[in-house]
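Novice:
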Amino acid sequence: MMAMIELHFVRLIRSPFLLCVVLIAAPVARNNGISNALLGQNGAAQIADDGVADDGVADDGVPDAGVADDGVPDAERVIGERLVQTSPGGSGEPDSLAPFVTAFERFGRHEDLPAAVAGSLLISELSCVACHASAEQPLQPKSGPDLSDAGHRLQPDWVRDFLGQPHQVSPGSTMPDLLHGLEPSDRERVVTSIADWLEGQVRPLQLPKANGISPVLHQFWDKGNADHGKVLYHTIGCVACHSADPTYEPGTRVPSGMDQLLEQLDPEEIEEMGLARLLRSVPTLPHFQATAENQLVGKYSKQALTLFLLNPHLVRPSGRMPSLRLSPSEAADLSAYLLRSEDSISELPVDDTRVGGVRVGAISQRGDSFALQSIQKFGCANCHQMQNEVPTLEARKLVELKLNSASSCLENPSTSMPKYQLDSDQLRAIISALESLQGGGEGAGEVASWAAERRMMQLNCLGCHERLHNESALVLGGIGRDQKPYFETTSKVDLGDEGRLPPSLTGVGAKLTSKALAGVFEAKTKRHRPFMTIRMPSYHASVVDQLVRHLPVIDGAGSKESEAVFFASDVTDGLNLDGLNLEAVGRELVNTGCVECHLFREENLPGAVGVDLHAIEGRVRPQWFLDFIKSPGDLKTRTRMPTFFPDGKSNRPDLLEGNVQLQIAAMWQYLKKTDPLPDKIQEVMRRDFELVPSDKPLVVRTFMRNVGTHAIAVGFPQGIHFAFDSERVHLEESWTGKYLDARGTWFERFVPLTEPLGEHRIQLPAGDLLAVTRGEGSVVKDAAKVNFQGYRVGSEGVPVFLYQIGSWRIEDRIEPREIPEGEGRALQRTLRIVEDAGLVNSVGEVSAPETPTRKTDHLIVTLHRGAELRRQSPKQVIDQRGLVVSVSEINQGRQSDLWRLIPATETDDAVWQVELNGHAERILKVVYQW
Amino acid sequence: MVKKIAQFWLIPWMLLVGARAGFAQETPTESDYYSIVTLTASQSPTGSRSKHWKPSPDGLPLEISGMEFLPDSRLAVTIRKGEVWFLDGVYDDPVEELTYHRFASALHEPLGLLLHKGDLYTAQRSELTRLRDVDGDGVADEYLTAAKGWGVTGNYHEYAFGPERDGDGNLWVTLNLGMGLNGDQRQRTLADAAFGYRQGKWRGWGMKLTPDGDWIPACAGMRSPSGIGVNGAGDAFYTDQQGNWVATNSLHHLREGAFYHHAESLASMNLPGARVCDIKEIPDGLLLPDAIKRFPELCPPAIWFPYKKVGQSATDIVLDDSGGQFGPFSGQFFVGEFTQAGLNRVFLEKVDGQYQGACFPFRLGFASAVLRLIQGKDGSMFAGLSNRGWSSLGTASYGLQRLVWTGQTPFEIKEMRSLEDGFELRFTRPVDPQSAARPDAYQMKSYTYLYHSSYGSDEVQMKPLVVKQAIVSDDGMRVRIVIDGLRPLFVHELDASGVRDRDGRALLHPEAYYTLNRIAKSKGK
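Sequence order for the protein chains is F and G.
Under our numbering, residues 2 to 931 are what the first sequence spells out, in order.
Under our numbering, residues 36 to 560 are what the second sequence spells out, in order.
This is the structure we're talking about:
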């Protein structure tokens with residue numbers, strides 16, 4: 002008998018029109034039991050009363066073919082109610098008081114889903130298993146909000162109203178009416194006591210952390226900007242689930258590709274092509290509507306709503322309302338928009354005389370204990386977390402529920418049963434699911450094939466993403482047609498739908514690595530598609546754990562994380578892979594294609610905004626990469642990603658013998674590290690930040706690796722550059738070719754050490770250029786310290802360094818010197834030495850250089866220094882590295898100058914120096930050639 | 036070298052700012068009294084803390100780090116990439132066309148600009164530099180070292196701020212401490228530093244260049260002293276930012292021999308010339324009043340800015356020297372706020388010869404972090420913006436905005452003065468005597484902070500205070516509130532939400548935070 006009933010049932014559900022016929026014939030049908038099983042009149046899905054019952058309706062005691070509490074015979078009710086509400090093809094129109102489960106409304110009412118699947122969705126979303134235990138993972142209850150901080154969160158008046166009439170106050174709420182069976186006065190008493198008790202459920206507020214990188218205004222919930230909140234509300238994703246405000250003007254007027262197609266077809270064609278679903282508007286949650294102002298004003302304070310939006314998981318651990326990764330000020334802006342009313346309040350006064358819901362002081366002790374009794378009696382703790390340990394109710398297990406009870410939570414609930422206000426579509430779906438569960442058989446297998454999609458419907462992933470359900474070949478979900486205009490590409494670049502709508506999840510388990518899949522949901526993961534205004538919400542790991550674990554299996558990823566897919570033997574046959582630098586080849590291939598649209602380590606060509614391809618192996622699986630690059634359109638319909646291998650052929654036959662698969666492997670190899678960045682990107686970076694002296698020398702003060710933190714780098718159009726240490730007053734290093742990249746110095750927070758870009762780098766002679774000795778008998782070395790005084794921009798823009806030592810003032814001009822080709826490269830240094838000229842510039846120094854006794858002082862200029870020095874001519878000395886220093890001209894040279902070439906000792910380098918005699922102005926021209 | 040950059044490249048983000056400003060509300064808001072004019076604001080394509088930060092592809096990267104007016108009323112600015120630009124057209128409203136002229140380049144992250152004896156002075160990472168245009172072609176041709184000798188290990192926190200000139204003609208430069216030095220940087224720290232601290236020379240010190248050319252390490256204990264300002268009496272002040280040893284943001288009087296908070300600056304204590312020396316012991320983990328007892332050199336700030344309530348990162352200090360062109364707060368300080376992108380206000384008085392006073396929230400809503408401030412000839416406040424390195428509210432990464440008084444006088448607590456038995460409040464407009472005489476119109480509490488090496492401090496030893504009496508002056512401009520249990524070295528926080536003006540309007544900002552280092556002897560009137 003049972004088998005037959007199930008058969009009937011399945012067929013009936015598939016054909017609602019037939020169902021109506023059967024319903025009309027119900028009195029007859031009931032006699033052979035069909036209606037009992039089908040419609041669950043007598044005791045179906047009933048909360049067992051054990052523990053609550055004082056109204057005497059115990060399910061076990063109710064006769065199978067009974068009469069409901071109100072005395073109306075079952076069959077009449079069936080006819081009276083169902084026929085009115087049901088129309089052929091599914092009503093598509095929910096009862097306005099019926100619970101609203103988004104995916105059920107969108108898919109379940111429209112035959113997109115098998116009834117048992119749709120029903121199982123309702124079972125989880127209506128939290129049936131909170132009372133009727135079941136081990137079935139997918140049926141685990143959504144459960145209600147955590148109430149342990151209700152005192153901060155909810156306005157007592159609203160709680161009272163809501164508990165009294167949940168469906169009227171919050172249309173579409175999945176919270177059943179538990180008090181419908183009470184007399185008005187009893188109801189009032191229970192409602193008041195519970196509301197009062199909830200006021201005492203208070204925890205310390207969890208405020209966002211404020212620091213130098215996290216702006217948090219004091220009482221930021223009061224400082225939101227409603228206009229900005231309105232923009233956020235309509236652009237970051239809220240309107241995928243909640244209704245939009247008709248006064249908001251969406252930004253995008255370009256219809257998506259699919260919509261354009263639909264517009265070109267006539268309705269019959271659309272029907273034939275099975276695209277009718279795409280024309281339906283996507284239902285949005287009714288109990289909050291942005292259009293109706295002030296709906297939330299009576300429920301929340303600004304503080305409560307703002308903190309909720311910042312961290313919804315704290316209150317709603319089910320993840321049905323995810324975190325939109327808001328900053329505190331964004332949460333305040335959204336809250337200001339949603340609560341835009343003069344009546345909205347800042348925060349709820351919290352009664353801190355009560356701890357954990359129990360009022361301190363005797364007066365209301367009685368009230369509190371009555372509240373606790375009621376909370377227990379109505380099973381509140383079955384769905385809601387509270388601070389107090391409240392016993393839960395246990396009802397009959399889900400698999401043991403009788404589907405033929407006259408009175409149940411589904412329909413005709415007795416006074417002690419929750420009342421859900423289900424409509425007929427919902428009722429049918431749930432019964433179907435229960436039957437499938439209890440009977441196994443055909444339905445069960447079908448339900449199992451929906452495992453991934455069902456979770457995606459519970460969390461409403463499909464509100465934003467579409468996904469192909471393999472068995473039914475249906476593509477479900479995606480941003481609704483009416484909602485699409487709200488979502489844009491941030492930079493207004495035209496990337497088509499890919500640039501503004503969330504990606505398809507078809508086969509996503511085979512695309513993303515397990516780690517990347519888990520990462521998608523984590524709050525700390527950087528946005529992968531920052532070019533979209535819509536945001537991927539974050540979810541608590543416990544919410545998405547099943548998806549993360551099962552999707553790869555469901556989508557057939559198998560063990561295909563291995564890179565071996567690139568190197569199948571039929572591909573590599575006849576090729577010698579040894580010594581191939583795949584990474585280098587990959588870099589070249591990437592440089593010819595991918596760079597045009599994609600980012601690499603946040604660097605990009607102008608206008609390129611595609612996803613960042615860096616560290617590819619952490620994100621996608623090799624097999625997917627291979628398949629996708631080979632033929633992008635096969636994996637992503639209407640993608641803008643072009644194929645680089647038309648007809649399966651590479652346009653670079655010169656690389657890896659044109660072997661497509663190996664070329665893809667090479668790209669993969671390169672994209673792991675993307676180091677160095679592709680040439681084209683480097684060119685752009687250079688163009689932006691490489692300093693190219695064109696007509697005049699360029700100067701940069703910076704930190705340099707070999708020069709220190711007081712470096713002054715000077716680049717010349719002639720292509721010979723140098724770096725000067727203004728702390729030790731020393732010409733440190735020279736190089737040729739490219740000069741410097743200034744980005745680190747100009748714009749990087751960590752001010753990295755700059756390195757010369759060019760070649761032929763040489764360290765110029767070490768040690769002090771200048772020293773003063775004093776005295777004629779006993780010589781005091783280093784009698785004065787050299788003191789840097791800045792620089793002057795001299796002729797042709799060449800900086801002339803100014804310094805002082807003792808009573809000498811020195812001007813030091815360093816610039817390239819032209820020498821015949823083939824003789825290397827040379828710098829020329831003109832030292833103008835003036836004594837007793839007075840200080841050109843007063844430099845503040847904590848320990849000022851002492852004033853020397855002039856008459857007995859001598860200035861020593863050290864021209865060269867090295868492990869080995871060799872004199873090539875009287876005024877030319879070469880070191881072991883080949884650096885030649887020559888003094889090409891001495892202004893007013895004197896016989897009395899002392900030139901010395903001191904050979905190296907065990908501890909000291911060899912030194913070539915001149916001790917200047919006399920006190921007139923001197924000019925030394927020193928040339929460094931290498 | 037003159038670039039003309041019209042305003043058409045203002046990014047779409049700015050539309051949002053416009054929308055914000057235009058949001059009509061019945062209750063007056065800050066923008067009804069002080070409006071923000073955007074001269075330029077740009078958005079970086081990268082986040083403010085990105086390692087790969089880059090400026091907007093359009094226009095000059097105007098990350099303003101120093102500002103000074105030239106005699107011809109052009110605005111000279113330093114930008115963080117190391118240039119000095121002269122901006123013309125800055126007073127236009129609406130902004131028609133700003134012209135930019137580059138005066139100097141090749142500076143290493145200059146963080147201040149001052150016209151002094153005819154030349155522009157700026158502190159670079161490694162020296163105080165005097166810029167001279169000797170040949171008069173409008174471009175600097177001398178970059179002369181005006182003062183130097185502080186350590187630069189290469190750590191990025193080692194900013195040098197300034198200079199500012201005090202009433203005696205001294206130029207002040209403040210040196211940020213290094214933080215989290217890497218191995219290479221540690222090589223450049225002081226050998227044999229006091230207490231074994233690893234810091235470069237004079238890091239965390241306030242340096243003073245006297246008119247005679249003496250360069251004096253005058254005071255120590257600074258952490259991130261990013262703002263220097265001088266009041267009407269010619270006394271110089273600096274702001275510091277919350278962190279290790281620094282309980283919350285603060286404002287200090289700069290003077291020789293003072294030690295402020297951060298112990299690591301004492302690494303340089305034993306160097307010749309140091310004006311803070313001979314400190315034997317640094318207590319760690321005491322309540323501020325107890326720490327001062329144990330460590331008498333420790334100078335409490337003139338102002339604590341309670342965290343979040345009055346900003347998260349105090350920056351520049353500017354005196355309203357306009358004689359009323361900027362509204363009713365002439366003679367008071369305005370302090371820039373980096374993280375919250377705003378301005379806060381400071382009233383100072385001297386009690387027992389030491390500065391102390393109250394701070395007040397003033398204006399939020401700038402497009403980015405407020406790093407530099409200067410007052411224009413019309414009294415308006417120019418705000419130089421740059422959020423790079425940290426984070427800030429607002430929609431832009433850098434730029435220049437101007438805060439203009441609309442001519443409407445906001446109802447504000449203008450001054451809060453210490454009295455023997457409470458405080459005297461002075462208002463910008465007469466109060467409604469009925470509401471203002473109710474003691475319960477004023478909610479007060481007091482708290483202090485911990486002096487410790489950890490990052491920041493909670494408000495500790497919090498205690499509510501009962502206002503016993505509120506006495507309104509005849510003209511309604513002053514209210515004396517009488518309180519029991521004033522505690523020296525505690526912040527006294529006031530919420531005067533119950534006070535109304537004669538039109539029944541509430542205060543624009545009912546909060547005031549008085550740093551009560553000393554209780555005045557005055558009884559009030």
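Ideal Cβ positions, reconstructed from N, Cα and C, are used throughout, including at glycine.
Is any beta-carbon of chain F found at less than 9 angstroms from that of Ser140(G)?
Specialist: Chain F, which has a Cβ nearer than 9 angstroms to the Cβ of Ser140(G), makes this yes.
Novice: Just checking: is the beta-carbon of Asp769(F) within a distance shorter than 9 angstroms of some beta-carbon in chain G?
Specialist: No, Asp769(F) lies away from the interface with chain G (no Cβ there is under 9 angstroms from its Cβ).
Novice: Could you pull the start and end residues of the alpha helix (DSSP H) that Ala772(F) belongs to?
Specialist: Looking at the DSSP string, Ala772(F) is not in any alpha helix (DSSP H); the run it does join, the beta strand (DSSP E), is 771-775.
Novice: According to DSSP, is Phe361(G) helix, strand or coil?
Specialist: Reduced to three states, the DSSP call for Phe361(G) is coil.
Novice: For the putative contact between Asp556(F) and Gly508(F), defined by C-beta atoms under 8 angstroms, what is the C-beta separation to the nearest angstrom?
Specialist: Correct: roughly 5 angstroms between the Cβ atoms.
Novice: At the level of alpha carbons, what is the spacing between Glu250(F) and Pro287(F)?
Specialist: If I take the Cα positions, the gap works out to 21 angstroms.
Novice: Between Gln459(F) and Glu126(F), which are expected to be in contact by the criterion C-beta below 8 angstroms, what is the C-beta distance as a whole number of angstroms?
Specialist: That pair is a contact at about 7 angstroms.
Novice: If we require 3 or more residues per run, which beta strand (DSSP E) segments fall completely within the segment 53-118 of chain G?
Specialist: Runs found: 69-77, 99-104, 110-114.
Novice: Check this for me: beta carbons of Ser557(G) and Glu455(G), under 9 angstroms apart or not?
Specialist: In this structure, Glu455(G) lies closer than 9 angstroms to Ser557(G) by Cβ.
Novice: My output table needs one value for Phe105(F): the three-state DSSP class, helix, strand or coil.
Specialist: Note: Phe105(F) maps to helix in three-state DSSP.
Novice: Answer with yes or no whether the minimum CB distance from Asp519(G) to chain F is below 9 angstroms.
Specialist: Chain F contact via Cβ: absent.
Novice: How many whole angstroms separate the CB atoms of Gly371(G) and Val345(G), which I take to be in contact at a CB cut-off of 8 angstroms?
Specialist: Going by Cβ atoms, the distance from Gly371(G) to Val345(G) rounds to 12 angstroms, so no, they are not a contact pair.
Novice: Hey, does Gly173(F) have any beta-carbon neighbour from chain G nearer than 9 angstroms?
Specialist: So no, Gly173(F) is outside the interface.
Novice: Between the C-alpha atoms of Ser481(G) and Asn552(G), what's the straight-line distance to the nearest angstrom?
Specialist: Near 12 angstroms, if we compare the C-alpha coordinates of Asn552(G) and Ser481(G).
Novice: So Cys254(G) and Glu193(G) are supposed to be a Cβ contact under 8 angstroms. How far apart are they, rounded?
Specialist: Not quite, the Cβ-Cβ distance comes to about 18 angstroms (not below 8 angstroms), so this is no contact.
Novice: I need the DSSP call for Arg221(G), collapsed to helix, strand or coil.
Specialist: Arg221(G): helix per DSSP, three-state reduction.
Novice: Out of curiosity, what's the CA-to-CA distance linking Ala139(G) and Gly745(F)?
Specialist: Roughly 20 angstroms between the two C-alpha positions.
Novice: Run through chain G and tell me which residues come within less than 9 angstroms of His761(F), C-beta to C-beta.
Specialist: Going along chain G, no residue has its Cβ under 9 angstroms from His761(F), so there is no contact; the nearest lies around 24 angstroms.
Novice: CB-CB under 6 angstroms to Ala211(F), same chain, minus the five flanking residues each way: which ones, in chain order?
Specialist: Cβ within range, chain order: Val217.
Novice: Got a sec? Which residues, its chain only, sit under 7 angstroms from Val356(F) by beta carbon, not counting five neighbours each side?
Specialist: Any reading at Val356(F) must be qualified, since the residue scores a pLDDT of 49, below 50, and its modelled position is unreliable; the value itself is stated next. Nothing listed; no residue qualifies.
Novice: According to DSSP, is Gly500(F) part of a helix, a strand, or is it coil?
Specialist: Correct three-state label for Gly500(F): helix.
Novice: Pairing CB atoms from the segment 141-159 of chain F with CB atoms from the segment 482-490 of chain F, are three or more of them under 8 angstroms?
Specialist: Contact between the segment 141-159 of chain F and the segment 482-490 of chain F is absent, because fewer than three Cβ pairs lie under 8 angstroms.
Novice: Classify Pro817(F) as helix, strand or coil using the three-state DSSP reduction.
Specialist: Here Pro817(F) sits in strand by DSSP.
Novice: Which residues, in order along the segment 220-232 of chain G, keep a beta-carbon less than 8 angstroms from a beta-carbon of chain F?
Specialist: Under the 8 angstroms Cβ criterion, the segment 220-232 of chain G contributes Arg223.
Novice: Using C-beta distances below 8 angstroms, list every residue in its chain close to Pro647(F), excluding the 5 sequence neighbours before and after it, in chain order.
Specialist: Closer than 8 angstroms at the Cβ level, and outside the excluded window around Pro647(F), lies no residue.
Novice: For the alpha helix (DSSP H) holding Glu584(F), just list the boundary residues, first then last.
Specialist: Per DSSP, Glu584(F) belongs to the alpha helix (DSSP H) from 583-593.
Novice: In whole angstroms, give me the CA-to-CA distance for Arg639(F) and Leu552(F).
Specialist: So the alpha carbons of these two residues sit roughly 24 angstroms apart.
Novice: Please look up how many angstroms separate the CB atoms of Gln914(F) and Val862(F), rounded, as I've assumed it's under 8 angstroms.
Specialist: At roughly 6 angstroms, the Cβ-Cβ gap stays under 8 angstroms, so Gln914(F) and Val862(F) are in contact.
Novice: Would you report the Cα separation of Gly320(G) and Val501(G), rounded to the nearest angstrom?
Specialist: Their Cα atoms are separated by approximately 29 angstroms.
Novice: Taking 9 angstroms as the threshold (beta carbon to beta carbon), is Met642(F) in contact with chain G?
Specialist: Cβ-Cβ to chain G under 9 angstroms: no for Met642(F).
Novice: Where are the beta strand (DSSP E) runs, 3 residues long or more, that stay fully inside the segment 508-537 of chain G, in chain order?
Specialist: Here the runs fully enclosed are 513-518, 525-530.
Novice: Would you mind sorting Gln222(G) into buried or exposed? The rule is 16 or more other CB atoms within 10 Å of its CB.
Specialist: By the 10 Å Cβ count, Gln222(G) comes out exposed.
Novice: Check whether the segment 721-734 of chain F and the segment 657-674 of chain F are in contact - that is, three or more C-beta pairs closer than 8 angstroms.
Specialist: No, the segment 721-734 of chain F is not in contact with the segment 657-674 of chain F.
Novice: Going residue by residue through the segment 147-177 of chain G, where are the continuous beta strand (DSSP E) segments of at least 3 residues, counting only ones entirely within it?
Specialist: Runs of the beta strand (DSSP E) inside the segment 147-177 of chain G: 149-151, 154-158, 162-167.
Novice: Out of Asp510(G), Ile554(G), Ser100(G), Val517(G), point me to the one whose CA is closest to Pro523(G)'s CA.
Specialist: Measuring from the Cα of Pro523(G), the nearest candidate turns out to be Ile554(G).
Novice: Beta carbon of Asp228(F), beta carbon of His235(F): below 9 angstroms?
Specialist: Cβ distance not < 9 angstroms, so Asp228(F) and His235(F) don't count as in contact.
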